[in-house]
Amino acid sequence: MAWTNNVLRVNLTDGTCKSEPLNTEWAKKYLGSRGLATKYYVEECDPKVDPLSADNKLIFATGPLTGTAAPTSGRWTVVTKGPLTGAIACSNSGGFFGAELKNAGWDMVIFEGKSAGPVYLDIKNDQAELKDASAMWGKSVWDTEDMLREACGDNDIRCASIGQAGESQVLFAGVINDKDRAAGRSGVGAVMGSKNLKAVSCRGTTGTQVGDPMAFMQATGACNQILADNPVTGEGLPTYGTQVLMNVINETGALPTHNSNDVQFDGASKIGGEAMAEPRESDGKANLVSNAACFGCPISCQRRSQMDPNHFSVAGQPKYHGNEGGLEYEAAWALGAATGVQDLEALTYCNYVCNEYGMDPISLGSTVAAAMELYKIGAITDADTGGLALEFGSAEALCKICDQTGLGEGFGKEIGQGSRRMTEKYGHPELSMTVKSQEFPAYDPRGIQGMGLTYATSNRGACHLRSYTVASEILGIPEKTDPLTSDGKAGLVMAFQDATAAFDAAGICIFTSFALTLDDVAPMINADLDGEWSSETLVEIGERIWNLERKFNMEAGFTAADDTLPARLLKDAAKTGPAKGKVSELGKMLPEYYELRGWTPEGVPSNETLSRLEL
Amino acid sequence: MVKVLHIDAGKCTSCHQCEMACSYHHEGVFNPSKSRIKIFNFKDTGRNVPYVCTQCADAWCLQACPVDAISVNAATGAKEVSATLCVGCKVCTIACPFGTINYNSESTKVDKCDLCGGDPDCVKVCPTPALTFIEADQAGMDKMRHWAEKTDAGNQATS
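In the order they appear, the protein sequences are chains Z and D. According to this note's numbering, the first sequence is numbered sequentially starting from 20. According to this note's numbering, the second sequence is numbered sequentially starting from 15.
Here's what the structure looks like:
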């Protein structure tokens, strides 16, 4: 049984760690990870809770496939209420920490209260203890992991921690595990910082049992074969990573550029996956060294990079000269196209900084882009920025402001509030490219219509990972739809949202869904757990999770008025490319979406829908 | 012909599927800490290295065992530990120059790779494949072929 049936409850106020049995009734309805942790969260927390108060809770959760031999079984999630958004936050990460937590015998860890001083949680199988982290406070994620290995005297521990950004409660601070894998979005790292919880170290040697091992191995073998044979998961992602998309999306005319003033970037080819693999002009070496895998993953889309040691951003700083987690598409877009910076090495440096200080590169890059527009129109000046010329395209300014944001210095303090708060402060809220205060990622809804509805309705604020209709609209998975039409997108978005929630709840990576359907996943769950599981039950679980998150957000104060996009995307037509002349047709899609969801015209889940889903 | 578990570290992505297959085969549980094959990840250099018993022809562990608990499987060439005979003295773990035979405190015996009886499960799940099971006498052939391809007499000085 790949539920361990053990939940670790850590009260940071009292300094206690207690084991309690998993609520198996909830587990059957919400499966695990994103779903089950959200159920626990909404049952235990007031929707109106201040995200950065001691009353908020923070949950680290695995899924029933986490830690097993299922492909991409390294996934784990952080669930809380997000300080950036005020909505339910669920940030998902890979690496090795999640599998280690499962192998230590825990389905999830619930943190409540607030510690009087800095602490870390030390887990060794069924033993868990809070320990003093005073020496680590103020240190980066990278240094913290090294110090934890030293403190534990065990090189094989896996760690999840916050850097300086989480400590200073940068509103888009992430939780970083294994030095460069991030539960990045919505500010879950700031919640951890608000609790004085610096890190979790974990060593698990108990292992993970499945219900029917023979059937499980057959099911995982079949899935591994499908992933190997698929051109996206078997070739595209291993070779170029998600960065394979940079040139594709630019040509589609859907690459948000210069704070979404443009939809195409003339520097795209210099910052994409192909450019990473080519020898640099400066030293003849490629930025990309190799790909790498998270736990259990046959896809291996991770980038390992090595910078030019003489690049201005890292010259004389050997800690950046080694092999580190390289750029992925969303980060390269946010730090690059959004800000107009086409210096691949500078973007790589900023990506390192995001891992080191613990920040979400999407929100960071997009907020810097908004600041650059404020600077351009004169709404902020050198007097505000401390003399930093925040001009579009300036690699030097980008590197400097990323440092300042991570360390809470200078104008970086304003950036650390996210673009909605920052642009409001300086009188131009229309320049914030956000939904529910969260910066949207690397797909312009004017050129990929489904993504407009995806962002507007995402329960954690603008996000591509809640319904990646790019798969259908650009890549033709599972079937090709026209990115420029909004017809039929309401149903497409809903189907993707529900399926994605099921993949997330299972504890595997959403990238498997380029090749696998829930019909492929169901046999793994069936062999893993008691009970009967089919793709239909998984879709229903996905829909239940979606509505549970929605219900929480409505109770937290959100309304249909928040299901919208920045005016720029709704009113200013794309200037170039295949989408030239198009705006997002959100107004056409949204009513249909509410109806398909079984929600009222005001976007509220109807009583009938809630009772059908047993909510 | 004896076959060997051949490692091409350059192809390893550190997915740990081999460890799960190994621990499942031998212990019935997915548990990398119980695996006989180990992936070492050297983060600073980005190198991932699988490491496992190479089944030495003249095996130190076998020579050192005072109770003859380690024997050669004639069919596979694997050096196998008899759980019945092993007394858990750990002398073999001292004798092995590579550290690939280790004590298991739960069973109170030592564990090492036994090639799964001649069809290693780690090889079956390796996606890249960094692990292959090939004839021992041919282990260098791929590398020779690789370098042979790069060898061009036209680039050498000729009279």
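Ideal Cβ positions, reconstructed from N, Cα and C, are used throughout, including at glycine. Small disclaimer: the values here were computed from a predicted structure and weren't measured.
Contacts of residue i in chain D (Cβ-Cβ under 8 angstroms)
i, result
"Z:Lys143", "Within chain D, no residue comes near Z:Lys143; the closest Cβ sits about 12 angstroms away, beyond 8 angstroms."
"Z:Thr224", "Asn45, Ser47 and Lys48"
"Z:Val251", "The contacting residues do not exist; Z:Val251 stays about 15 angstroms from chain D at best."
"Z:Ala247", "Pro141"
"Z:Lys304", "Ordered by position in chain D, no residue passes the 8 angstroms Cβ test against Z:Lys304, which lies about 13 angstroms from the chain."
Whole-angstrom distance between residue j and residue i, CA atom to CA atom
i, j, result
"Z:Lys133", "Z:Glu186", "13 angstroms"
"Z:Lys58", "Z:Asp145", "24 angstroms"
"Z:Gly292", "Z:Asn310", "12 angstroms"
"Z:Ile399", "Z:Gln436", "16 angstroms"
"Z:Ala184", "Z:Phe459", "20 angstroms"
"Z:His340", "Z:Ala294", "19 angstroms"
"Z:Gly86", "Z:Gln188", "31 angstroms"
"Z:Gly526", "Z:Thr476", "23 angstroms"
"Z:Ile493", "Z:Pro137", "47 angstroms"
"Z:Lys67", "Z:Asp74", "10 angstroms"
"Z:Pro70", "D:Thr107", "53 angstroms"
"D:Ser85", "D:Val95", "7 angstroms"
"Z:Val540", "Z:Met441", "43 angstroms"
"Z:Leu264", "Z:Gly355", "14 angstroms"
"Z:Gly105", "Z:Val308", "39 angstroms"
"Z:Gly406", "Z:Thr424", "15 angstroms"
"Z:Leu584", "Z:Ser491", "21 angstroms"
Cβ of residue i within 7 angstroms of any chain D Cβ
i, result
"Z:Lys500", "Note that residue 500 of chain Z corresponds to Thr in the displayed sequence, not to Lys. Cβ-Cβ to chain D under 7 angstroms: no for Z:Thr500."
"Z:Phe459", "no"
"Z:Val308", "yes"
"Z:Ala241", "no"
"Z:Thr87", "yes"
"Z:Gly341", "yes"
"Z:Phe430", "no"
"Z:Arg323", "yes"
"Z:Cys178", "no"
"Z:Ser319", "yes"
"Z:Gln228", "yes"
"Z:Cys171", "no"
"Z:Phe515", "no"
"Z:Phe530", "no"
"Z:Ala312", "yes"
Beta-bridge pairing of residue i - partner residues as DSSP gives them
i, result
"Z:Ala80", "Z:Thr96 and Z:Met127"
"Z:Met378", "Z:Ala192"
"Z:Gln321", "Z:Ala311"
"Z:Ala146", "According to the sequence displayed, residue 146 of chain Z carries Gln and not Ala. Z:Lys143."
"Z:Glu344", "The sequence given here has Gly at residue 344 of chain Z, not Glu. Paired residues: Z:Arg323."
"Z:Thr35", "Z:Asn30"
"D:His20", "D:Thr146"
"Z:Pro40", "Z:Asn25"
"Z:Thr276", "Z:Asp281"
Neighbour flag for residue i against chain Z, beta carbons, 7 angstroms
i, result
"D:Cys130", "no"
"D:Pro141", "yes"
"D:Thr27", "yes"
"D:Val59", "Residue identity differs from the one stated: residue 59 of chain D is Thr in this sequence, not Val. Answer yes: the Cβ-Cβ gap between D:Thr59 and chain Z drops below 7 angstroms somewhere."
"D:Met34", "yes"
"D:Val30", "The residue asked about is misnamed: residue 30 of chain D is His in this sequence, not Val. Yes - at least one Cβ of chain Z is within 7 angstroms of the one on D:His30."
Partner residues on chain Z for residue i, Cβ-Cβ distance less than 8 angstroms
i, result
"D:Gln69", "The contacting residues do not exist; D:Gln69 stays about 25 angstroms from chain Z at best."
"D:Tyr174", "Nothing about residue 174 of chain D can be read from this structure; chain D reaches only from 15 to 173."
Residues of its chain near residue i, where Cβ-Cβ distance is below 6 angstroms and the 5 sequence neighbours each way are ignored
i, result
"Z:Ser332", "Ala365, Tyr368 and Cys418"
"Z:Asp199", "Gly344 and Asn374"
"Z:Val219", "Leu140 and Ala179"
"Z:Gly212", "Ile181, Gly185, Glu186 and Gln188"
"Z:Asp15", "In the structure displayed, chain Z extends from 20 to 634; residue 15 of chain Z sits before or after that span and is not available."
"Z:Cys36", "Val29 and Ala147"
"Z:Asn545", "Trp552"
Proximal chain Z residues relative to residue i, where beta-carbon distance stays under 7 angstroms
i, result
"D:Lys123", "Those do not exist, as D:Lys123 stays about 17 angstroms from chain Z at its closest Cβ, beyond 7 angstroms."
"D:Gly42", "Pro232"
"D:Ser85", "Result: empty, since nearest Cβ-Cβ is about 28 angstroms, beyond 7 angstroms."
Residues near residue i by beta carbon distance below 7 angstroms, same chain, minus five either side
i, result
"D:Thr27", "Asn62 and Thr142"
"Z:Ala152", "Pro137, Val138, Tyr139, Lys217 and Ala218"
"Z:Asp547", "Ala21, Pro83, Leu84, Thr87, Val229, Gly230 and Phe235"
"Z:Ile107", "Thr57, Lys100, Asn478, Arg479, Glu568, Phe571 and Asn572"
Under 9 angstroms from the C-beta of residue i: neighbouring residues of chain D
i, result
"Z:Asn122", "Phe44, Asn45, Pro46 and Ser47"
Residues near residue i by beta carbon distance below 8 angstroms, same chain, minus five either side
i, result
"Z:Gly600", "Ala592 and Ala593"
Proximal chain D residues relative to residue i, where beta-carbon distance stays under 7 angstroms
i, result
"Z:Cys316", "Cys29"
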